[in-house]
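**Q**
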Amino acid sequence: MGTTTASPIFAAERRMAWPRLRFPAWAVSWLQVGPMMLILSVLFALPTFLFLAVSFFDYDRTGIYPAFMLDNYKELLSTPSTWRVYVSSLKFAVIVWAITLGLGFNVAYFLVFHIRNSMLRTVLFLLCAIPFWTSGIIRAIAWVPFLGRNGAFNQILMALGVTQRPLEFLLFSDFAVIVTYVHLFTLLMIGPIANSLSKIDPALIEAARDAGASRWRTMTDVVIPLSKTGIALGSLLVFTQVMGDYFVVKTMSGGQSASIVSMLSTEIQAMQYPPASANAMVLVIFVAIMVALMMRVVDVRKELVK
Amino acid sequence: MIVGGPSKAGAVTERRPWTFYALAGIFCLYMAFLYGPMLVIYLLSFQGENGGVTFPMVGTSTVWFQDIVKPGQMANIPVSFSRSMGLASVVSIITVVFAVAAGLGFRRRFPGSGVVFYLAVASLVMPSLLVGFGIGLGFQFLGWETSMFTSALGAQLTWTLPFGLFAMFAVVNRFNRSWEEAATDLGASAFQRLRHVTLPILLPGIIGVAMGAFTLSYDEYARTTLTIGTKNTLPLEIYALISSATSPTLFAIGTLTTGGSFLAIGVTLVLVLRMQKRRTAASLKVG
Chain C
-16 MGTTTASPIF AAERRMAWPR LRFPAWAVSW LQVGPMMLIL SVLFALPTFL FLAVSFFDYD
44 RTGIYPAFML DNYKELLSTP STWRVYVSSL KFAVIVWAIT LGLGFNVAYF LVFHIRNSML
104 RTVLFLLCAI PFWTSGIIRA IAWVPFLGRN GAFNQILMAL GVTQRPLEFL LFSDFAVIVT
164 YVHLFTLLMI GPIANSLSKI DPALIEAARD AGASRWRTMT DVVIPLSKTG IALGSLLVFT
224 QVMGDYFVVK TMSGGQSASI VSMLSTEIQA MQYPPASANA MVLVIFVAIM VALMMRVVDV
284 RKELVK
Chain E
152 MIVGGPSKAG AVTERRPWTF YALAGIFCLY MAFLYGPMLV IYLLSFQGEN GGVTFPMVGT
212 STVWFQDIVK PGQMANIPVS FSRSMGLASV VSIITVVFAV AAGLGFRRRF PGSGVVFYLA
272 VASLVMPSLL VGFGIGLGFQ FLGWETSMFT SALGAQLTWT LPFGLFAMFA VVNRFNRSWE
332 EAATDLGASA FQRLRHVTLP ILLPGIIGVA MGAFTLSYDE YARTTLTIGT KNTLPLEIYA
392 LISSATSPTL FAIGTLTTGG SFLAIGVTLV LVLRMQKRRT AASLKVG
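Below is the structure:
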């Protein structure tokens, strides 16, 4: 790096510039990453170890006592309702993942490859993002007057003559829960996938077509492999959001199903911290396994950090 | 999210394939799906005085908007709104500073980068309520009171910082390092290079990170509920309202938020466009 021929623009300011400190490159990186690392260690890693410890504690109605016992886990895993809630949450997560992936990929593909005017593309992206600025809770309950017995959707269906009587299954059901999740989380898929797609060189797609590949082959052999980082990131976000959901299942299922986290918060409100911690640990391990599996399929780190 | 796609200047004259129309159809359906229920709540927020949270509309009025600011059941809405704005601003500033720094740090391989990366991933995918639970437990053991600018701020940062870092990866990946090399060759110090070259080029992405962090914080519920202490933020207040009583006031809040968002986005868009125009003008002058 030659600094002998300093340009006048920089040289003028050089006199007031800070004294030059020389660090090795790795030390500079650590200085830049350090503050974030510190915050995450203290506020995320440490509290996680804390409830890992508490999950082995003993408790009664008046307090919790340091101990090392597995009773909290035994009790949790031998309760049938635990398994039921996990199965239902997993079912929601898989269904919502599949729908948001299909929808998100197509929307992102349309915006990146078919919209040629970059201003129009920005505006359409913003249209996708604007509902995100409204409180998630309000967006969830917005479905109540829409799907209800006298709701807008039933009115439209009846006006069109599709049904004679209002459909009852629309609201306070698994259907309503899935619709709300898809409404809330599709953007989490669109963002990362669009980011991956926009990095694909259009020449590659043209080359595939020139080489005689059909649309479908171009899609499966060129576009999808090149956008797998975005797909993986979006999947990660949607999956963990559904597994960690607190209010959607509670408000939209009409009390018919519970989510893992709402089950957990009931225990926290009852100050039963050790069983709540055990429950939390099981959920953390479950999510960690699923995320590790996804990261095995796509090496997100290699793709992102270059 | 603003994503710059590849330019396809040569393809303009080409006829649209049938897939264009199919995908355009899907996009329109998605828009209808996204905005359908939102339109319903915008409409119902003007529900008549005797109307309820569902159809039919019983006349029209603005009483539900007045309800938000009137003392009474909704008295906490304006206060909690200003709390949310304050907290979101602080979260957004901290996130921008540290996530941008970390994003720049990740441009070179350094020993331990894997640990930092996976810590960020873990923090991002951690079920939200559990973060608040862990921090709440910690505060209880230490005998500290939870409050907005200590525990709640911390809980939100565990979500906005990894988000900011991942957004920065996307921003930094598009950055051409030869600009920095050119600055160094012209004799810029590390600080000058950052101040006059790197940050200005990354600025649109950095604004995106700031807006994203602000939104995530402003709308955050599950991490905040166990760490906020006694003074609620807006989402917590709204949640309390749903469980106690439902009235079109909730929808009025939704309508106001959307109006506010449109305003904020419009202003940002104008600023970014003006910035781009100035930059193009400047580069034309230089070139």
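Listed in order, the protein sequences are those of chains C and E.
Just so you know, we're using our numbering here: the first sequence kicks off at -16 and counts up by one.
Just so you know, we're using our numbering here: the second sequence kicks off at 152 and counts up by one.
Heads up, the beta-carbon is just placed ideally off N, CA and C, and yes, glycines get one too.
Only a predicted model underlies this, so the values are computations on that prediction, with no experimental measurement involved.
#1: Rounded to a whole number of angstroms, what is the C-alpha to C-alpha distance between I292 of chain C and T249 of chain C?
#2: So, does the segment 76 to 87 of chain C touch the segment 335 to 347 of chain E, judging by three or more C-beta pairs under 8 Å?
#3: Can you tell me whether C111 of chain C is buried or exposed, with buried defined as 16 or more other CB within 10 angstroms of its CB?
#4: At a Cβ cut of 9 Å, what residues of the segment 222 to 243 of chain C count as close to chain E, listed as they run along the chain?
#5: Could you name the residues of the segment 272 to 286 of chain C whose beta carbon sits closer than 7 Å to any beta carbon of chain E, in the order they occur along the chain?
#6: Express the C-alpha separation of N262 of chain C and I251 of chain C in angstroms, rounding to a whole number.
#7: Shortest alpha-carbon distance to Y42 of chain C belongs to which of C:M254, C:R192 and C:L130?
#8: Identify the residues that DSSP records as bridge partners of D41 of chain C: which are they?
#9: Strictly under 7 Å for the Cβ-Cβ distance: is I78 of chain C near chain E by that measure?
#10: Are the segment 329 to 338 of chain E and the segment 200 to 210 of chain E touching, with three or more C-beta to C-beta distances below 8 Å?
#11: Identify every residue that forms a DSSP beta bridge with Q198 of chain E.
#12: Are at least three pairs of beta-carbons, each pair with one atom in the segment 161 to 170 of chain C and one in the segment 186 to 196 of chain C, less than 8 Å apart?
#13: Helix, strand or coil: which one does DSSP assign to R234 of chain E?
#14: Suppose the cutoff is 7 Å on Cβ atoms and the five residues either side in sequence are ignored; what does the same chain contact list for L170 of chain C look like?
#15: Out of E:S298, E:L255, E:V220 and E:G199, point me to the one whose CA is closest to G17 of chain C's CA.
#16: Which runs of the alpha helix (DSSP H) spanning at least 4 residues fall entirely within the segment 56 to 95 of chain C, listed in chain order?
#17: Using DSSP with H/G/I as helix, E/B as strand and the rest coil, what is D282 of chain C?
#18: L23 of chain C: which of E:F249, E:T378, E:F320 and E:F184 sits nearest, CA to CA?
#19: Report the residue from C:D157, C:L109, C:K285 and C:V127 whose alpha carbon sits nearest the alpha carbon of V418 of chain E.
#20: Quick one: which residues of the segment 91 to 115 of chain C get their C-beta closer than 8 Å to a C-beta of chain E? List them in chain order.
#21: Since W295 of chain E is in the alpha helix (DSSP H), which residue starts that stretch and which ends it?
#22: For G119 of chain C, decide whether its Cβ has a neighbour in chain E, counting only Cβ atoms nearer than 7 Å.
#23: Assuming R344 of chain E is part of the alpha helix (DSSP H), what are its boundary residues?
#24: 7 Å is my cut-off, CB to CB: does V421 of chain E come that close to chain C?
#25: On the premise that F34 of chain C lies in contact with G285 of chain E, defined as a C-beta separation below 8 Å, what is that separation, rounded to the nearest angstrom?
#26: If contact means a Cβ-Cβ distance below 8 Å, which residues of the segment 192 to 221 of chain E contact chain B?
#27: Can you tell me whether S71 of chain C is buried or exposed? The criterion is at least 16 other CB atoms within 10 Å of its CB, across all chains shown.
#28: Determine the direct distance from the alpha carbon of P149 of chain C to that of R284 of chain C, and round the result to whole angstroms.
#29: Quick one: is S12 of chain C near chain E, going by C-beta distance under 7 Å?
#30: Quick one, which of E:L420, E:I416 and E:V423 has its alpha-carbon nearest T117 of chain C's?
#31: Establish whether the CB of W199 of chain C and some CB of chain E are separated by less than 7 Å.
#32: Which residue spans inside the segment 297 to 337 of chain E form an unbroken alpha helix (DSSP H) run of at least 4?
#33: According to DSSP, is Y229 of chain C part of a helix, a strand, or is it coil?
#34: Would a check of beta-carbon distances place A125 of chain C closer than 7 Å to chain E?
#35: Along chain C, which residues have their Cβ under 7 Å away from the Cβ of V267 of chain E?
**A** From the atom records:
#1: Not covered by the structure: residue 292 of chain C. The range shown for chain C is -16 to 289.
#2: no
#3: buried
#4: F222, T223, Q224, M226, G227, D228, Y229, F230, T234 and I243
#5: V274 and R284
#6: 11 Å
#7: C:M254
#8: C:Y48
#9: no
#10: no
#11: E:T211
#12: no
#13: helix
#14: C111, A112 and F115
#15: E:L255
#16: 63 to 92
#17: coil
#18: E:F249
#19: C:L109
#20: Y92, F93, L94, V95, F96, H97, I98, R99, S101, R104, T105, L107, F108, L109, L110, C111, A112, I113, P114 and F115
#21: From DSSP, W295 of chain E is part of no alpha helix (DSSP H); its letter is neither H nor E.
#22: yes
#23: A341 to R344
#24: no
#25: 5 Å
#26: Absent from the structure is chain B; the protein chains it does hold are C and E.
#27: buried
#28: 50 Å
#29: yes
#30: E:I416
#31: no
#32: 304 to 324 and 329 to 336
#33: coil
#34: yes
#35: V16 and M20
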